[in-house]
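The next block holds one structure in the form of structure tokens; read it before the comments.
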């Protein structure tokens, strides 16, 4: 009887020992996983921070052309539609900015400007730009903004494009239009700068530009800004 009791005690002790070992193993396994998760989170945070710093360190330039005054559809703007988008991009990115201005201003009349823009395209005649152009060699990324005129980039913007080299740079287009979307403008950019990296752009109807802040911010966020 005593022998049986002793065996029973031994079995219980062995079972308790096994239970302790299993508990310690489970505790070690849980803590190891938690430590690994923390390490992964920290690593991901560091990678994310590096990406943000990389974007912030980039040399970014915003170049745009915009026309105020009489605009479609029958409104008078103190600030052009494309300029409004450029303003928000500058606010978010903190980039340098250059406004393309014609040496001879376009007519105040919307209809007269439309007619002049048509003649410029038919004659492949780009108006001269007022002032000095920025040194684009200093920049890695160029935000290029313009309205759509006659289904394409205005010739005043083509003047800029013909006088600089944006090949091997990142070009991010943004555009305002009446209802034509991008028109032929993306193809034009690609044909002039075939070696440039063209990233996802932003286009919107001009009449919606004044209320486009949230959409612009979302687009820039998707780009990493």
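Numbering (full-length UniProt numbering), first residue to last: 1 to 225. Built from N, CA and C at the ideal position, the CB exists for glycine as well. As the structure is a computational prediction, the values presented were derived from the model and not from experiment.
With 16 other CB atoms within 10 Å as the buried threshold, where does residue 169 fall? Start at 1 with the first residue of the chain shown, and residue 169 comes out as number 169. Counting every other CB atom within 10 Å of its CB across the protein chains shown gives residue 169 a total of 16 or more, marking it as buried.
Using C-beta distances below 7 Å, list every residue in its chain close to residue 106, excluding the 5 sequence neighbours before and after it, in chain order. In the chain shown, residue 106 corresponds to position 106, counting from 1. Taken in chain order, the residues that qualify are 67, 113 and 116.
Going by Cα to Cα distance, which pick from 157, 183 and 15 is closest to residue 103? For the purposes of this step, residue 103 is taken as residue 103 along the chain shown, with counting starting at 1. Checking every option, the nearest Cα to that of residue 103 belongs to 157.
Would you call the CB atoms of residue 132 and residue 69 closer than 8 Å? For the purposes of this step, residue 132 is taken as residue 132 along the chain shown, with counting starting at 1. For the purposes of this step, residue 69 is taken as residue 69 along the chain shown, with counting starting at 1. Against a cut-off of 8 Å, the Cβ pair of residue 69 and residue 132 comes out as no contact.
Going by DSSP in three states, residue 81 sits in which element: helix, strand or coil? On the chain shown, position 81 is the one that residue 81 refers to. Helix, per DSSP.
Go ahead and pull the three-state DSSP assignment for residue 48. On the chain shown, position 48 is the one that residue 48 refers to. Any reading at residue 48 is ruled out, since the residue's pLDDT is 48, under 50, leaving its predicted position unreliable.
Leaving out five residues before and five after residue 47 in sequence, what residues of the same chain have Cβ atoms less than 8 Å from its Cβ? Counted from its first residue, the chain shown places residue 47 at position 47. In this prediction, residue 47 scores a pLDDT of 49, lower than 50, which makes its location untrustworthy; no coordinate-derived value is stated.
Bridge partners of residue 198, per DSSP? Taking the chain shown and counting its residues from 1, one reaches residue 198 at position 198. In the DSSP assignment, the residues bridged to residue 198 are 171.
Of the residues 85, 62 and 61, which one's Cα is nearest the Cα of residue 206? The sequence position of residue 206 within the chain shown is 206, counting from 1. Distance check between residue 206 and each of 85, 62 and 61 places 85 closest, using alpha-carbon atoms only.
Residue 153 and residue 185: beta carbons closer than 8 Å? Numbered from 1 along the chain shown, position 153 holds the residue referred to as residue 153. Numbered from 1 along the chain shown, position 185 holds the residue referred to as residue 185. Contact annotation: residue 153 and residue 185 have beta-carbon atoms nearer than 8 Å.
Hey, quick one: how far does the alpha helix (DSSP H) through residue 64 stretch, first residue to last? Position 64 of the chain shown, counting from 1, holds the residue named residue 64. Looking at the DSSP string, residue 64 is not in any alpha helix (DSSP H); the run it does join, the beta strand (DSSP E), is 60 to 64.
Pull the bridge partners of residue 152 from the DSSP assignment, please. Within the chain shown, numbered from 1, the residue matching residue 152 stands at position 152. The partner list for residue 152 (beta bridge, DSSP) reads 149.
Could you tell me the distance, in whole angstroms, from the CA atom of residue 196 to the CA atom of residue 76? Working through the chain shown from its first residue, we reach residue 196 at position 196. Working through the chain shown from its first residue, we reach residue 76 at position 76. Spanning the two alpha carbons is a distance of roughly 36 Å.
For residue 75, does the three-state DSSP call read helix, strand or coil? Residue numbering aside, residue 75 sits at position 75 when the chain shown is read from its first letter. Taken through DSSP and simplified to helix, strand or coil, residue 75 comes out as strand.
Just to confirm my understanding: we take residue 201, look at its own chain, exclude 5 residues before and 5 after, and list those with CB closer than 8 Å. What are they? The residue given as residue 201 occupies position 201 in the chain shown. Residues of the same chain with a CB within less than 8 Å of the CB of residue 201, apart from the 5 flanking positions on each side, are 172, 173, 174, 175, 182 and 186 in chain order.
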